[in-house]
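Read through the structure below, which is laid out as structure tokens, and then see the notes.
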Amino acid sequence: MIEKRVIVIGGGAAGLMAALAACRQGAQVTLLEKNPRVGKKLLATGNGRCNFTNMNLDLDHYHGTNPRFVYGTFGRFTGLQTLEFFRQLGVEPKEEDAGKVFPASGQASSILDVLRYQVKQEGVAMICDANVKSLVKNGPLFTVYTEVGSFETDAVVLATGGKAGPQFGCSGDGYSLATSFGHQLVEPFPALVQLRLSAPFLKAISGVKFIGQACIYQGNTLLNQTEGEILFTNYGISGPPILALSRTAGEILGRNQKPLLTVNMLPEQEPIEVENYLKRRFKEQGQKTAEFSLVGFINKRLIPVLLKEAKINLRTKAAEINAVQMASLAQLLTGWQFVVTGTNGWTAAQVTAGGLDVRDIDSQTLCSRHVP
């Protein structure tokens, strides 16, 4: 019996897994990778620890226009099956917060090492430095043209990934291969990425961290919000909540509009509660300057910036701060507003939003609807 030939384009996590799966179905598999080695981006995943799956595989965590698309995939290969798959390869999983699963070794290299070992053991031919230039269908066969030669095959798995992380060789060049067969492209944009803000004082507060709430608005409409550790930087703002909101911000930016970001440094309190607290504090510390009266309550580096934004002179006696100024300061502490001017781009982004339109893909098999 003649083995079916399968070429996998892309040697990242998806490509390595696909190569193994095809090999275990009896196919003769060749994996083409344009970098000198496979799995380069895998080593950077999870800050070098590689959170290789998550136990909270819920539709709420998928934000495309058709989140139900993932049902088919998770129905065929669950999170528990993923754990067992890697256990069989020798990786002991360790679950941490929010359902994230890492190798017990704490090293992303563990995942890459066992995958590389297994694909070699099972007979996958890996060809690196093989940048694919074009893909042509000739009757029932495909011809894959690369910089190191051409390859004929019965089936192709396109696992080239998105555009996030060009420093790891990611360029989104697989999109052009797919669109050449009629697939539609939803314009890709960076996600899980820091946001750039328009504010003259960012350098002064760069490095300030706090636990707070961040919200994204379009006009007066709240679109998304989340909480956690937030970090001001010299270009704007970062931290897990900001990365989580970056997709929403990116969608607005993609329409050539400017999203509004609000930051709440005291999310456990209502603005009126903060205002009343400030009244008491300024009364109790009335002889101190406005600047010094806030020491011990607000991060010292934020104080002069917030007072200036609230139009309060730093040297004004605390007892002389009026009600309007107090209300303004309370509003800044619970809803400081910033205009988002952009993101930190593809190099800083962890993932790609957008990409191939899932309407062109069978959700049960991930096969192209244009090339059955």
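Residue numbering for the sequence shown follows the working numbering, beginning at -16 and increasing consecutively.
Positions of the beta carbon are idealized from the N, C-alpha and C atoms, including for glycine.
Which residues in the same chain as residue i place their Cβ atom closer than 6 Å to its Cβ, once the five residues preceding and following it in sequence are excluded?
i        : result
ASN18    : GLY152
GLY22    : LEU95
LEU206   : ILE199, THR231
TRP(-11) : It should be pointed out that residue -11 corresponds to Val in this sequence rather than to Trp. Once the five neighbours on either side are set aside, the close Cβ partners of VAL(-11) are ALA5, ALA10, VAL12, ALA138.
ALA301   : PHE265, GLN268, GLY269, LYS271, ALA273, SER276
THR317   : ASN247, LEU249, PRO254, VAL257
Could you give the first and the last residue of the continuous beta strand (DSSP E) run that contains residue i?
i      : result
GLN196 : 192 to 201
ILE213 : 204 to 215
VAL107 : Element bounds for VAL107: n/a, residue is neither H nor E.
VAL119 : 115 to 121
TYR45  : Careful: TYR45 lies outside any beta strand (DSSP E) and carries neither H nor E.
ALA138 : 138 to 141
ASN30  : That residue, ASN30, is in no beta strand (DSSP E); its alpha helix (DSSP H) goes 28 to 31.
Compute the Euclidean distance between the alpha carbons of residue i and residue j, then round it to the nearest angstrom.
i       : j       : result
LEU118  : VAL341  : 20 Å
LEU98   : GLY31   : 16 Å
ALA332  : LEU180  : 16 Å
ILE188  : PHE215  : 6 Å
VAL354  : THR143  : 18 Å
GLY222  : ILE194  : 10 Å
ALA293  : SER311  : 5 Å
ARG51   : PHE35   : 22 Å
LEU339  : GLY(-2) : 17 Å
LEU185  : VAL323  : 13 Å
PRO183  : THR65   : 48 Å
LEU226  : ALA147  : 14 Å
HIS44   : GLU258  : 36 Å
LEU63   : ALA5    : 21 Å
LEU261  : PHE321  : 23 Å
VAL288  : THR162  : 50 Å
GLY(-6) : MET309  : 58 Å
LYS291  : LEU178  : 23 Å
GLU212  : GLN71   : 36 Å
GLY379  : GLU67   : The structure shown has nothing for residue 379, since the chain only spans -16 to 355.
GLU210  : VAL278  : 24 Å
GLN314  : THR245  : 10 Å
MET0    : PHE69   : 11 Å
GLY165  : LEU236  : 27 Å
ASN282  : GLY190  : 11 Å
GLU253  : TYR218  : 29 Å
TYR54   : ASP156  : 27 Å
Within a Cβ cutoff of 7 Å, which residues of the same chain sit near residue i, ignoring the five residues on either side of it in sequence?
i      : result
ILE304 : PHE265, ALA273, ILE295
CYS33  : LEU25, PHE85, PRO86, ALA91, ILE94
ARG233 : Sequence check: residue 233 is Gly here, not Arg. If we look at GLY233 and ignore the five residues flanking it on each side, its Cβ neighbours are PHE172, PRO173, ALA174, THR326, ALA336.
GLY89  : ARG32
HIS46  : ARG230
Spatial neighbours of residue i within its chain, please: C-beta separation below 8 Å, excluding the five flanking residues on both sides.
i      : result
LEU3   : LEU98, GLN101, VAL102, GLU105, VAL107
PRO149 : TRP329, THR330
ARG7   : GLU105
PHE57  : LEU40
GLN240 : GLN201
Measure from the alpha carbon of residue i to the alpha carbon of each residue in the options, then state which is nearest.
i      : options                         : result
ASN49  : VAL191, MET109, VAL169          : VAL169
VAL12  : ILE(-8), ALA27, ALA182, GLU258  : ILE(-8)
SER133 : LYS146, LEU261, VAL115          : VAL115
VAL131 : MET309, ASP343, GLU(-14), LEU15 : LEU15
ASP80  : ASN121, ASN37, GLY122           : ASN37
GLY122 : ASP137, ILE110, CYS111          : ASP137
ILE436 : VAL74, TRP319, ARG352, ILE110   : The chain is shown from -16 up to 355; residue 436 falls before or after that span and cannot be answered.
ARG298 : VAL307, ALA306, ILE286          : ILE286
PHE125 : PRO224, ASN247, LEU160, GLU256  : LEU160
ARG284 : THR204, LYS192, CYS350          : LYS192
THR204 : LEU243, GLN167, VAL176, ALA197  : LEU243
How far does the alpha helix (DSSP H) with residue i in it reach, from first residue to last?
i      : result
ASN259 : 254 to 267
PRO287 : 286 to 292
LYS186 : 185 to 188
SER311 : 306 to 318
LEU3   : -4 to 7
GLU274 : 273 to 276
PHE57  : 53 to 59
Where DSSP assigns a beta bridge to residue i, which residues make up the other side?
i      : result
ARG179 : GLY219, GLY325
LEU14  : VAL(-9), MET109
GLY338 : VAL169
SER351 : ILE344
THR129 : VAL115, GLY132
PRO76  : PRO86
THR162 : Answer is none; THR162 lacks a bridge partner.
ASN247 : GLN196
ILE94  : Bridge partners of ILE94: none, in fact.
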